[in-house]
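Below is one structure, written out as structure tokens; the observations come after it.
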Amino acid sequence: MTKDQSTGVALLGLAGFVLLDAVELDGELHMTVETTASRAACPECGVFARSKGRKTVQVRDMPAGGRPVRLWWRKRRWYCPDGDCENKTWSEQVTAIRARAVLTERAGRDICVRVGRDAASVAEMAREYLVAWSTAMAAVQTHGRPLVDDPGWIGSVVELGVDETAFARSGPGRRPGFVTGMVDLERHRLCDVVRGRSGTDLRTWLEQRPAGWCEQVKVVAIDPHEGYRQGLKPHLEHVTLVVDPFHVVALANRAIDNCRRRVNQDLLGHRGRKADPLYKIRRVLLTGQERLSEKAWTRLHEGLRLGDPDDEVLDAWLAKEKTRDVYLTDDPGEAADLLDAAIGFCEASHVGEVTTLAKTLTAWRPEILAHHATGASAGPTEAMNLLIEKLRRVGHGFKSFDNYRLRLLLHCGVDWPARPSHGLRPHPRRRPDKLVA
Numbered sequence: 020m021t022k023d024q025s026t027g028v029a030l031l032g033l034a035g036f037v038l039l040d041a042v043e044l045d046g047e048l049h050m051t052v053e054t055t056a057s058r059a060a061c062p063e064c065g066v067f068a069r070s071k072g073r074k075t076v077q078v079r080d081m082p083a084g085g086r087p088v089r090l091w092w093r094k095r096r097w098y099c100p101d102g103d104c105e106n107k108t109w110s111e112q113v114t115a116i117r118a119r120a121v122l123t124e125r126a127g128r129d130i131c132v133r134v135g136r137d138a139a140s141v142a143e144m145a146r147e148y149l150v151a152w153s154t155a156m157a158a159v160q161t162h163g164r165p166l167v168d169d170p171g172w173i174g175s176v177v178e179l180g181v182d183e184t185a186f187a188r189s190g191p192g193r194r195p196g197f198v199t200g201m202v203d204l205e206r207h208r209l210c211d212v213v214r215g216r217s218g219t220d221l222r223t224w225l226e227q228r229p230a231g232w233c234e235q236v237k238v239v240a241i242d243p244h245e246g247y248r249q250g251l252k253p254h255l256e257h258v259t260l261v262v263d264p265f266h267v268v269a270l271a272n273r274a275i276d277n278c279r280r281r282v283n284q285d286l287l288g289h290r291g292r293k294a295d296p297l298y299k300i301r302r303v304l305l306t307g308q309e310r311l312s313e314k315a316w317t318r319l320h321e322g323l324r325l326g327d328p329d330d331e332v333l334d335a336w337l338a339k340e341k342t343r344d345v346y347l348t349d350d351p352g353e354a355a356d357l358l359d360a361a362i363g364f365c366e367a368s369h370v371g372e373v374t375t376l377a378k379t380l381t382a383w384r385p386e387i388l389a390h391h392a393t394g395a396s397a398g399p400t401e402a403m404n405l406l407i408e409k410l411r412r413v414g415h416g417f418k419s420f421d422n423y424r425l426r427l428l429l430h431c432g433v434d435w436p437a438r439p440s441h442g443l444r445p446h447p448r449r450r451p452d453k454l455v456a
């Protein structure tokens, strides 16, 4: 191999190929290549084959210097000289370029890594490689599905988080679609995503787990959704079920919002407007009292005085603060007393939204107090929901659930190798030969 050929091989970086020519046309780099093999045996009988010429095929390769690359492969054709052999002619095959492929294998892997690790859109990769969207997505499926379809890829999970996210938004004639995501709370990774948010959907997924997988789960963190609580049965009846503070306080905040809207409608006959007293303090009502400034306290008192003649919104606000008091302590016993006090206050209220909150807190009392005993939280699940929402926006929505699931698992579930970081180093110089006396 000449020095020029060695340089071409190094620049090409494709094992088993040699670079014959390279030219730039219209901002695209065209490389003519061929394999280094000069002999081949018949795959049927083993007799050395003879050349039958070449045919040139073109495939897309990884960009070089910010330019798309088109490989022109001068592909050898062979024929078997043995007249009794059934295998007459064939073309050479290499692992780096599959038969009838549009992309080299390394280009397909790069697209999959960029879409999975970096959350790049498939359309963006298609534009970068100058291929169709379907070609780029096929590369993601070819290289990505083996990573997520292996039944054992999830591994053992001790703390599991379950929550729903929107898959398709509602629109004219279209109901919103939801999916349920399962998150490993210890490793902060997405285990799987299934259609729907019912107990049946969750139960079906648990039935498909390998033998012994469910027995390893000790804690499950969910939002106060009865469907999920029932869906954990019978496979995860042994676990400690936890409803974390975020969802509990959200219940109290929802009671305030519902009460405020109803009172505003009853008092003024319309939905909240910017000049309405209660509408002006809608955010102040949801802020923890310890974070309120003197100005905010003044706004709160004035808004309730003008817009809450029967103290209904005040009752809901006090119920919210008593619910938040449950998390002022880490002691399970004190937390139980504070929760019972909050439930008692809500039950004695004359406000419908507050009594509804009392029923919910009573129904989920063991799960609420389990947070103090285990310290488990749905925080990693909510963080994962943000990544899921980001990915859905990058794709501008999804029509295919299978593609949606694959994209989510590649980005939120697969542990991709870290990008290599190579700093600038001095140019390697050849050491002079040692003088031999």
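Residue numbers for the sequence shown follow the numbering used here, so the first one is 20 and each next one is one higher.
Ideal placement from N, C-alpha and C gives every residue a C-beta, glycine not left out.
This structure is a prediction, so every number in the text was calculated from the model and none was measured.
Rounding to the nearest angstrom, what Cα-Cα distance links A34 and S57 in this structure? On the sequence shown, position 15 is the one that residue 34 refers to. On the sequence shown, position 38 is the one that residue 57 refers to. Whole-angstrom Cα-Cα distance: 15 Å.
Reference Q112; option with closest CA among D129, T374, Y148, R73: Along the sequence shown, read from residue 1 onward, the residue named residue 112 stands at position 93. Residue R73 is the option with its Cα nearest to Q112.
With burial defined as no fewer than 16 other Cβ atoms inside 10 Å of the residue's Cβ, what is the status of R310: buried or exposed? Within the sequence shown, residue 310 is the residue found at index 291, counting from 1. Burial call: exposed.
So, helix, strand or coil for A151, using DSSP? Here residue 151 refers to the residue found at position 132 of the sequence shown. In the structure shown, A151 sits in coil (DSSP, three-state: anything other than H, G, I, E or B).
My parser needs the beta strand (DSSP E) runs of 3 or more residues fully inside the segment 375 to 413; what are they? none
Within 10 angstroms of its Cβ, does F186 collect 16 or more other Cβ (buried), or is it exposed? In the sequence shown, counting from the first residue as 1, residue 186 sits at position 167. So F186 ends up on the buried side.
Tell me which residue opens and which closes the beta strand (DSSP E) that C210 is part of. One-based indexing of the sequence shown puts residue 210 at position 191. Segment 208 to 214, the beta strand (DSSP E) holding C210.
Alpha carbon to alpha carbon, how far is G398 from L251? Give it in angstroms, no decimals. Within the sequence shown, numbered from 1, the residue matching residue 251 stands at position 232. Within the sequence shown, numbered from 1, the residue matching residue 398 stands at position 379. If you take the alpha carbons of L251 and G398, they lie about 20 Å apart.
Note down the Cα distance separating G231 from T375, rounded to an integer number of angstroms. Locating residue 231 in the sequence shown gives position 212, counting from the first residue. Locating residue 375 in the sequence shown gives position 356, counting from the first residue. Cα to Cα, the separation comes out at about 40 Å.
Cβ shell of L425 (< 8 Å), same chain only, five flanking positions each side left out: Here the question's residue 425 lines up with position 406 in the sequence shown. Non-local beta-carbon contacts of L425 in its own chain, meaning distances under 8 Å to residues more than five positions away in sequence, involve V159, Q160, G163, R164, V167 in chain order.
How many whole angstroms separate the CB atoms of L319 and V303, which I take to be in contact at a CB cut-off of 8 Å? Residue numbering aside, residue 319 sits at position 300 when the sequence shown is read from its first letter. Residue numbering aside, residue 303 sits at position 284 when the sequence shown is read from its first letter. Indeed they touch by this definition, with Cβ atoms about 5 Å apart.
Residue range of the alpha helix (DSSP H) that F420 falls in? As a position in the sequence shown, residue 420 is number 401, starting the count at 1. Segment 420 to 431, the alpha helix (DSSP H) holding F420.
Could you tell me how far apart the beta carbons of L406 and C431 are, in whole angstroms, since I believe they sit closer than 8 Å? Here residue 406 corresponds to residue number 387 of the sequence shown, with the count starting at 1. Here residue 431 corresponds to residue number 412 of the sequence shown, with the count starting at 1. Confirmed, about 5 Å.
Tell me the start and end of each unbroken beta strand (DSSP E) in the segment 317 to 379 that is at least 3 residues and wholly inside, in chain order. Runs of the beta strand (DSSP E) spanning 3 or more residues and lying entirely within the segment 317 to 379 do not occur at all.
Touching or not, the segment 210 to 230 and the segment 273 to 281, by the rule of three or more beta carbon pairs under 8 Å? no
If contacts are defined as beta-carbon pairs under 8 Å, then R93 and E43 qualify, I think. What distance do you get, rounded to the angstrom? Translated into positions along the sequence shown, residue 93 becomes position 74. Translated into positions along the sequence shown, residue 43 becomes position 24. Contact flag wrong, Cβ pair sits at about 19 Å.
Quick one: is K107 buried, meaning 16 or more other Cβ sit within 10 Å of its Cβ, or exposed? Here the question's residue 107 lines up with position 88 in the sequence shown. Exposed, because fewer than 16 other Cβ atoms sit within 10 Å of the Cβ of K107.
Opposite V52 in the DSSP bridges: which residues? For the purposes of this step, residue 52 is taken as residue 33 along the sequence shown, with counting starting at 1. Paired residues: L38, W92.
Kindly confirm or deny that the segment 233 to 252 and the segment 167 to 185 touch, where touching means at least three C-beta pairs closer than 8 Å. yes
Tell me the DSSP bridge mates of G196? On the sequence shown, position 177 is the one that residue 196 refers to. Note: G196 sits in a beta bridge opposite A187.
Looking only at C-alpha atoms, which of L39, Y148, W172, E205 sits nearest to A402? Position 383 of the sequence shown, counted from the first residue, corresponds to residue 402. For A402, the nearest C-alpha among the options comes from E205.
Pick helix, strand or coil for V141, following the three-state DSSP scheme. Counted from its first residue, the sequence shown places residue 141 at position 122. In the three-state scheme derived from DSSP, where H, G and I count as helix and E and B as strand, V141 is classed as helix.
Top-ranked residue by Cα proximity to L39, from T55, E47, D45, H254: Here residue 39 refers to the residue found at position 20 of the sequence shown. Closest option to L39, Cα to Cα, is T55.
Only counting the same chain, and skipping five residues up and downstream in sequence, which positions put a Cβ closer than 7 Å to that of R292? Here residue 292 refers to the residue found at position 273 of the sequence shown. So the qualifying residues of the chain are Y298.
Out of P82, C61, P62, which one is the CA nearest neighbour of L48? Indexing the sequence shown from 1 puts residue 48 at position 29. When each option's Cα is compared against that of L48, the closest is P82.
Which two residues bound the contiguous alpha helix (DSSP H) that contains I300? Residue numbering aside, residue 300 sits at position 281 when the sequence shown is read from its first letter. Here I300 belongs to no alpha helix (DSSP H), and DSSP marks it neither H nor E.
Contacts around A274, its chain only, beta-carbon distance under 8 Å, and the 5 residues preceding and following it disregarded: If you number the sequence shown from 1, residue 274 lands on position 255. Correct list, in chain order: A335, A338, K339, E372, V373, T375, L376.
For I241, the first and last residue of its enclosing alpha helix (DSSP H): As a working note, residue 241 is residue 222 in the sequence shown. Here I241 belongs to no alpha helix (DSSP H); instead the beta strand (DSSP E) covers 238 to 241.
Note down the Cα distance separating R86 from T154, rounded to an integer number of angstroms. Working through the sequence shown from its first residue, we reach residue 86 at position 67. Working through the sequence shown from its first residue, we reach residue 154 at position 135. Straight-line Cα distance between these residues: approximately 19 Å.
Compute the distance between the beta-carbons of R125 and A118, then report whether it is under 9 Å. Counting from one through the sequence shown, the residue named residue 125 turns up at place 106. Counting from one through the sequence shown, the residue named residue 118 turns up at place 99. In this structure, A118 does not lie closer than 9 Å to R125 by Cβ.
Where do the ends of the alpha helix (DSSP H) carrying T219 lie? Residue numbering aside, residue 219 sits at position 200 when the sequence shown is read from its first letter. Note, T219: alpha helix (DSSP H), 218 to 226.
Where M264 falls: helix, strand or coil (DSSP): Here residue 264 is taken as the residue at index 245 of the sequence shown, counted from 1. Checking the displayed sequence, the identity of residue 264 turns out to be Pro instead of Met. In this structure, P264 counts as helix in the three-state DSSP scheme.
The segment 222 to 237 / the segment 254 to 263 touching (three or more Cβ pairs under 8 Å): yes
Quick one: give me the first and last residue of the beta strand (DSSP E) that Q77 is part of. As a working note, residue 77 is residue 58 in the sequence shown. Per DSSP, Q77 belongs to the beta strand (DSSP E) from 69 to 83.
What residues match up with V282 in a beta bridge as DSSP calls it? In the sequence shown, the residue the question calls residue 282 occupies position 263. In the DSSP assignment, V282 forms no beta bridge with any residue.
Compare the C-alpha of K237 against each of T259, A392, R188 and name the closest. Taking the first residue of the sequence shown as position 1, residue 237 is located at position 218. Taking only the C-alpha atoms, the option nearest K237 is T259.
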